[in-house]
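Residue numbers (our numbering): 1106 to 1520.
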């Protein structure tokens, strides 16, 4: 029986018909910060700006070898998998039907259509992904097409392993540590499957968004479980249930190898990579870099490879990313302030602000109050400790206020 590593090398060689290996780049900024050799495997630089093309292409290639008459492929995706499938359909000249939720942003629809051209049809159906997935699978059965899973498929996993084949060849040696983002587990299963055969001493860390910890749950329960709630901000990795096949290949993972990245902290990492390095990463693509501070004591003097899995970031989301980053860093806060309805009260409050404090939001919530008026106020500052000074002054002056920055329900409703 052919080994997994040999199959992965075959898949990698076939991929060269589509694109050259993505760069493995030493990052001087991160290396200096952590006293380590930090390398970025730039999957954000594939033709579709994510690694998903690898698995989609390999699965399609193998289906075509086994059944040359199969010329119709179906998938359900609102993001990177859809674009990978579309690109592969155009390459092979086969028909693709791509199901997307009706809520999919037009930018993603347009990009998918650009990659697939005349070979694909996009079907918008379902308000939620589960509805879209069910519709795609019904259609696939009726049409006699082949369904391409985004991660829970042996050929897709094999295709994602090409990331490891390339980085091992590019580095010329085994790294000490590879940090992998995890959604459904296809990338992690493929990369670890290859490296555990050819470089048994490599260590791994797996990173999931805090609001989509499907691997954490699976490791704790001894098998995939469905999360009751998923935060969709990290849309490339916010998966409610780890794949069955991917878990079978990751059942050796220990709890201490899995790290959780808060969504707001990921925003800090995204902005830093953009502003300092000029690298555009989507939230899932920033996961592996985001956890480096947690690993600082463990990686000093070591060779570390971070997989930057995707760069499909819609810049219309940049204000939201900046907002979340500021809030996580403690540089922006929102308060509901009870403002006395008397002359000079507002001036008294404004006098409490420091030279680096800036009012970003000011809105009366109750305009009919006689004695007090509730005000929603957002404040930005350059130093987080400025808020300690401000709240101390508010307390001394007898102002009544409530910090709602971390109150998810209120913040979502008011902000």
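Ideal placement from N, C-alpha and C gives every residue a C-beta, glycine not left out.
Query raised in the report: Looking at the structure shown, is residue 1216 part of a helix, part of a strand, or coil, going by DSSP?
Result: Of the three classes helix, strand and coil, the one that applies to residue 1216 here is helix, per DSSP.
Query raised in the report: Considering only the beta carbon of each residue, do residue 1479 and residue 1509 sit closer than 7 Å?
Result: No, the Cβ-Cβ distance between residue 1479 and residue 1509 is not below 7 Å.
Requested in this report: Quick one: residues in its chain with C-beta nearer than 6 Å to the C-beta of residue 1450, no 5 flanking neighbours on either side, listed in chain order?
Outcome: Closer than 6 Å at the Cβ level, and outside the excluded window around residue 1450, lie 1444.
Query raised in the report: Just how far apart, CA to CA, sit residue 1504 and residue 1269?
Result: Straight across, the Cα-Cα distance linking residue 1504 with residue 1269 is about 58 Å.
Query - residue 1359 (DSSP reduced to helix, strand or coil) - result: Secondary structure at residue 1359: coil, using DSSP grouped into helix, strand and coil.
Query - Residue nearest to residue 1113 in terms of C-alpha spacing, selected from 1128, 1132 and 1163 - result: Checking every option, the nearest Cα to that of residue 1113 belongs to 1163.
Report task. Could you please give the first and the last residue of the uninterrupted beta strand (DSSP E) stretch that includes residue 1467? Result -> Here the beta strand (DSSP E) through residue 1467 covers 1463-1469.
Query - Those runs of the beta strand (DSSP E) which lie wholly inside the region 1138-1224 and span at least 3 residues - result: For the region 1138-1224, the full-length beta strand (DSSP E) segments reaching 3 residues or more read 1142-1147, 1177-1181 and 1200-1205 along the chain.
Requested in this report: Would you list the residues sitting across from residue 1130 in a DSSP beta bridge?
Outcome: In the DSSP output, where bridge partners are listed per residue, residue 1130 has 1145.
Query raised in the report: Apart from the five residues on each side of it in sequence, which residues of its chain come closer than 7 Å, Cβ to Cβ, to residue 1176?
Result: The beta carbon of residue 1176 is closer than 7 Å to those of 1199 and 1200 in its chain, skipping five residues each way along the sequence.
Query raised in the report: For residue 1167 versus residue 1185, is the C-beta spacing smaller than 7 Å?
Result: Against a cut-off of 7 Å, the Cβ pair of residue 1185 and residue 1167 comes out as no contact.
Report task. Return helix, strand or coil for residue 1415, following the three-state DSSP convention. Result -> Residue 1415 falls in the strand class under three-state DSSP.
Requested in this report: Starting from the C-beta of residue 1427, find all residues in its chain whose C-beta is less than 8 Å away, skip the five residues before and the five after it, and write them out in chain order.
Outcome: Excluding the 5 residues flanking it on each side, residue 1427 has same chain C-beta neighbours closer than 8 Å at 1372 and 1376, in chain order.
Requested in this report: Return the CA-CA distance between residue 1218 and residue 1420, expressed in angstroms with no decimal places.
Outcome: Cα-Cα distance, rounded: 19 Å.
Query - Residue burial classification, residue 1286 (beta-carbon count within 10 angstroms, cutoff 16) - result: So residue 1286 counts as buried.
Query - DSSP state of residue 1344 mapped onto helix, strand, coil - result: Coil.
Report task. Return the bridge partner residues of residue 1366 from the DSSP annotation. Result -> 1314.
Query raised in the report: Which two residues bound the contiguous beta strand (DSSP E) that contains residue 1329?
Result: Residue 1329 -> no beta strand (DSSP E), and no H or E assigned at all.
Requested in this report: Alpha carbon to alpha carbon, how far is residue 1483 from residue 1439? Give it in angstroms, no decimals.
Outcome: Put simply, the backbone Cα of residue 1439 is about 4 Å away from that of residue 1483.
Report task. Compare the Cα-Cα distances from residue 1272 to each of 1410, 1358, 1463 and 1491 and report the closest residue. Result -> Minimum Cα-Cα distance from residue 1272 among the listed residues 1410, 1358, 1463 and 1491 corresponds to 1410.
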